[in-house]
Amino acid sequence: MIEFRRVSKIYHTGTHALNDVSFKIMDGEFVFIIGRSGAGKSTLIKLLTCEEKPSEGSVLIDDFDISRIRRSLVPYLRRNIGMIFQDFRLIDTKTVYENVAFAMEIIGASRRSIQRRVPIVLSIVGLKDKANAKPGELSGGEQQRVAVARAMVNNPMLILADEPTGNLDPTNRESVMALLEEINRGGT
5 MIEFRRVSKI YHTGTHALND VSFKIMDGEF VFIIGRSGAG KSTLIKLLTC EEKPSEGSVL
65 IDDFDISRIR RSLVPYLRRN IGMIFQDFRL IDTKTVYENV AFAMEIIGAS RRSIQRRVPI
125 VLSIVGLKDK ANAKPGELSG GEQQRVAVAR AMVNNPMLIL ADEPTGNLDP TNRESVMALL
185 EEINRGGT
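What follows is the structure in structure tokens.
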């Protein structure tokens, strides 16, 4: 469960990104946060990943107040969060397989675990046949599917997506959203 309790975020410039925001998202819910540019959507994500701290209020994940977390514990929290970005953030010099495996490597997964898990995840996102391709050889929709695979490869408790379809055409948009819904039904 995610809960925001009376959260406000005021940046050092004086900009009010969030003002007294409260909500709960229960386990298994598939939620969209929508709003105009500058409404605070990205700030919500930054608070959930501890890139920012709230000026006021509390941010809880499973009743643990992450807004008070020690800096040394942030990497451990992030291991349980899969992140999908609008700009994909793939490593151009790595293959599809290597981009997805990288997420496991940085948390210290064994080579054997990586060799077992990555092909499974690539099959789920429909890219097993593209494992040896580089990002530049893929369409925008395929690149976003690599980003989805990378976000889910470590079986995170939570996947956050910051405008995951913003750079995609309508067909790929629908395809990526259907994939995310399917992953959610599977338990993330």
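Add 4 to the 1-based position in the sequence shown for our numbering, that's all there is to it. Idealized CB from N, CA, C, for every residue including glycine.
(request) Could you tell me if K57 is buried or exposed, where buried requires 16 or more neighbouring beta carbons within 10 angstroms of its beta carbon? (result) Answer is exposed; the Cβ neighbour count stays below 16.
(message) Starting from V63, trace the beta strand (DSSP E) in both directions and tell me its first and last residue.
(response) Unbroken beta strand (DSSP E) run through V63: 60-65.
(message) Can you tell me which residues form a DSSP beta bridge with D166?
(response) F89
(request) Report the rounded CA-to-CA distance for N188 versus E146, giving the unit in angstroms. (result) 19 Å
(message) Rounded to whole angstroms, what is the Cα-Cα separation between A135 and V100?
(response) 5 Å
(message) Buried or exposed, going by whether 16 or more other CB atoms sit within 10 Å of the CB of R74?
(response) exposed
(message) Taking the beta carbon of A182 as the centre, do at least 16 other beta carbons fall within 10 Å, making it buried, or is it exposed?
(response) exposed
(request) Can you have a look at F2 and say buried or exposed, based on whether 16 or more other CB atoms are within 10 angstroms of its CB? (result) Nothing can be reported for residue 2, as the shown portion of the chain is limited to 5 through 192.
(request) Just tell me which of T19, N158, L164 has its CA closest to the CA of S2. (result) Here the chain covers residues 5 to 192 and nothing more, so residue 2 does not appear.
(request) For N23, count neighbouring C-beta atoms within 10 Å of its own C-beta (all shown protein chains included) and say buried if the count is 16 or more, exposed if not. (result) Taking all protein chains in view, the Cβ of N23 is surrounded by fewer than 16 other Cβ atoms within 10 Å, so the residue is classified as exposed.
(message) Do I88 and I163 have their beta-carbon atoms positioned less than 9 Å apart in this structure?
(response) yes
(message) Within 10 Å of its beta-carbon, does A43 have 16 or more other beta-carbons around it, so buried, or fewer, so exposed?
(response) Looking at its Cβ environment, which holds fewer than 16 other Cβ atoms inside 10 Å, A43 is exposed.
(request) Give the C-beta separation of L52 and V63 to the nearest angstrom, bearing in mind that I take them to be a contact with Cβ-Cβ under 8 Å. (result) The pair is a contact, with the Cβ atoms about 7 Å apart (cut-off 8 Å).
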